[in-house]
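Colleague: Add 64 to a position in the sequence shown, counting from 1, and you land on the number used in our numbering.
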Amino acid sequence: MASTRIGGVEVARIEEMLTPGFDPAFLFPGFSAALLDEFPELRNPNFFHAETGKVMSSMHSWLLRIGDDVVLIDTGCGNHKHRSAKAFQRFHMLDLPFLDRLAAAGVRPEDVTYVINTHLHVDHVGWNTALVDGAWVPTFPRARYVFGAREYANWTKDGRSLRAQPEGGEVIEDSVRPVVEAGLVDLVEPGDRLLDVLTFTHAPGHTDGQLNIRLECDGAVGLFTADVLHQPMQIVCPELNTRFCEDNERAPSTRKALLGLAAEANAVIFPQHFGAPHAGRVANTRGGYRFEPITWTN
Ligand SMILES: [Zn+2]
65 MASTRIGGVE
75 VARIEEMLTP
85 GFDPAFLFPG
95 FSAALLDEFP
105 ELRNPNFFHA
115 ETGKVMSSMH
125 SWLLRIGDDV
135 VLIDTGCGNH
145 KHRSAKAFQR
155 FHMLDLPFLD
165 RLAAAGVRPE
175 DVTYVINTHL
185 HVDHVGWNTA
195 LVDGAWVPTF
205 PRARYVFGAR
215 EYANWTKDGR
225 SLRAQPEGGE
235 VIEDSVRPVV
245 EAGLVDLVEP
255 GDRLLDVLTF
265 THAPGHTDGQ
275 LNIRLECDGA
285 VGLFTADVLH
295 QPMQIVCPEL
305 NTRFCEDNER
315 APSTRKALLG
325 LAAEANAVIF
335 PQHFGAPHAG
345 RVANTRGGYR
355 FEPITWTN
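#1: With a CB to CB cut of under 8 Å and the five nearest residues on each side skipped, what residues in its chain are close to E174?
#2: Could you give the DSSP three-state label for N348: helix, strand or coil?
#3: I need the straight-line Cα distance from I180 to V135, nearest angstrom please.
#4: Compare the Cα-Cα distances from E105 to each of L258, L166, W200 and Q298 and report the closest residue.
#5: Taking the CB atoms as reference points, tell me whether L262 and I277 lie closer together than 7 Å.
#6: Residues in its own chain within less than 7 Å of L166 by CB, not counting five upstream and five downstream?
#7: Given the structure, does D311 come close to ligand 1, in the sense that its CB is under 6 Å from one of the ligand's heavy atoms?
#8: Could you tell me if D197 is buried or exposed, where buried requires 16 or more neighbouring beta carbons within 10 angstroms of its beta carbon?
#9: Could you tell me whether any non-hydrogen atom of ligand 1 is closer than 6 Å to the CB of H185?
#10: Does the beta carbon of D291 fall short of 6 Å from some heavy atom of ligand 2?
#11: Give the secondary structure of G324 by DSSP, where H, G and I count as helix, E and B as strand, and everything else as coil.
#12: Going by DSSP in three states, G363 sits in which element: helix, strand or coil?
#13: Out of A331, V252, G324 and C301, point me to the one whose CA is closest to V285's CA.
#14: Is it the case that the stretch 265-283 contacts the stretch 210-224, given that we only count it when at least three CB pairs across the two stretches are under 8 Å?
#15: Measure the alpha-carbon distance for V249 versus S125 and round it to whole angstroms.
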C-alpha cells in the first residue's frame with residue numbers, strides 16, 4: 065500500500081473513484097482557458113483529461129495510523145445512495161469497492177476509531193453509512209464520528225448551508241442523521257485537538273463551517289485541506305472559486321492563507337479531489353505559488 069509519513073504518522077489514500085469530473089468552465093465560473101496556456105503543467109493528464117476537456121477528479125479517504133488509532137478523513141460518496149440533483153449525477157447509486165480497498169490496506173470497518181468529516185457535502189460523508197436490510201447504518205460501528213459544531217448546525221433546520229444547497233438535505237438524511245442518532249458523533253470547535261497530533265482549524269468559504277485538519281508530528285506538518293482546494297489550478301490561481309462555494313468573498317482569503325501557511329511550514333497538503341499523486345507541497349514562486357507533488361512510498 066502506498067503511503068507517506070508525517071513524522072511518526074503514516075498517511076495512505078483509500079480511493080473511491082478517480083474519473084474525469086466537471087468541465088473546468090462549469091466547476092470554476094471564473095475559469096479562463098488561457099490559464100492552461102500560462103501554466104502548461106495544469107495539462108498534465110493526471111489533472112486534465114484532454115479527450116473530454118474535464119478536470120480529473122478523485123474521491124478518496126485519507127487513512128491515518130496514529131499509534132493504535134485508525135483515522136479516516138472524509139468518506140467519499142458511498143454506495144446505493146439516491147442523488148436526485150443533476151450536479152450530483154456522478155454520485156448517484158454507486159456500487160464501488162471502497163471497503164475492499166480499505167480491507168486491502170489492512171483495515172476492517174470495526175478497526176476504525178475516528179471518522180472525521182471536514183464538511184457535510186455529498187462527496188465527503190457517503191461512507192459514513194451503509195445500506196443494511198433496507199436501513200442506513202453506521203459503516204464504522206466502533207468509530208467516533210467527528211464534525212464541526214458550526215458545520216452541523218448549518219445543515220440542520222433552516223441552517224445557512226442547507227438553504228444554500230437544499231439538495232444536500234437527502235445527504236444529511238442518509239449519511240449524517242443515522243450516525244447522530246446512533247450516538248456516535250462528537251462535535252468540535254476550531255482549536256480543538258485529537259490524539260495529540262491533530263488540530264482542527266476553521267476554513268470558511270466553500271462551506272461556512274468547513275474544517276481543515278493540521279497534523280503535526282516530530283516537527284513535520286501535514287494539512288488536510290478539504291475543499292479549500294479542488295484542483296491544482298487553484299494553487300496558481302487562488303482567486304478561482306467553485307460554483308459549489310457558499311461564500312465567494314471568504315473562500316479566496318481562506319485559500320490564500322492556507323497556501324501561505326503550507327509554503328512556510330513546508331507542509332504536505334492532502335486535498336480531497338486532486339488527481340494523482342493527490343498530495344504535495346506548495347512552493348513560493350515570484351508573486352505566487354507552485355504545486356510540487358509528492359512521491360509515495362510502496
Ligand atoms: Zn468535495
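Ideal placement from N, C-alpha and C gives every residue a C-beta, glycine not left out. All values derive from a computational prediction rather than experimental measurement.
Modeller: Considering the structure as presented:
#1: By 1-based counting over the sequence shown, the position of residue 174 is 110. Same-chain partners within the cutoff: F204, P205 and R206.
#2: Taking the sequence shown and counting its residues from 1, one reaches residue 348 at position 284. It is a strand residue.
#3: For the purposes of this step, residue 180 is taken as residue 116 along the sequence shown, with counting starting at 1. For the purposes of this step, residue 135 is taken as residue 71 along the sequence shown, with counting starting at 1. Distance between the alpha carbons of I180 and V135 is about 7 Å.
#4: Mapped onto the sequence shown, residue 105 falls at position 41. Looking at the Cα atoms, Q298 is the closest of the given residues.
#5: Position 198 of the sequence shown, counted from the start, is the residue given in the question as residue 262. Position 213 of the sequence shown, counted from the start, is the residue given in the question as residue 277. Their beta carbons are under 7 Å apart, which means L262 touches I277 by this criterion.
#6: Residue mapping note: residue 166 aligns to position 102 of the sequence shown, counting from 1. If we look at L166 and ignore the five residues flanking it on each side, its Cβ neighbours are I78.
#7: On the sequence shown, residue 311 is found 247 positions in, with the first residue counted as 1. No.
#8: The sequence position of residue 197 within the sequence shown is 133, counting from 1. So D197 counts as exposed.
#9: Walking along the sequence shown from the start, residue 185 turns up at place 121. The answer is yes for H185.
#10: Of the ligands one can find in the structure shown, namely ligand 1, none is ligand 2.
#11: Here residue 324 refers to the residue found at position 260 of the sequence shown. Helix at G324.
#12: Since the first and last residues shown for the chain are 65 and 362, residue 363 lies out of range.
#13: Stepping through the sequence shown from its first residue, residue 285 is reached at position 221. When only C-alpha atoms are compared, the closest one is A331.
#14: yes
#15: As a first step, residue 249 must be located in the sequence shown, where it is residue number 185. As a first step, residue 125 must be located in the sequence shown, where it is residue number 61. So the alpha carbons of these two residues sit roughly 18 Å apart.
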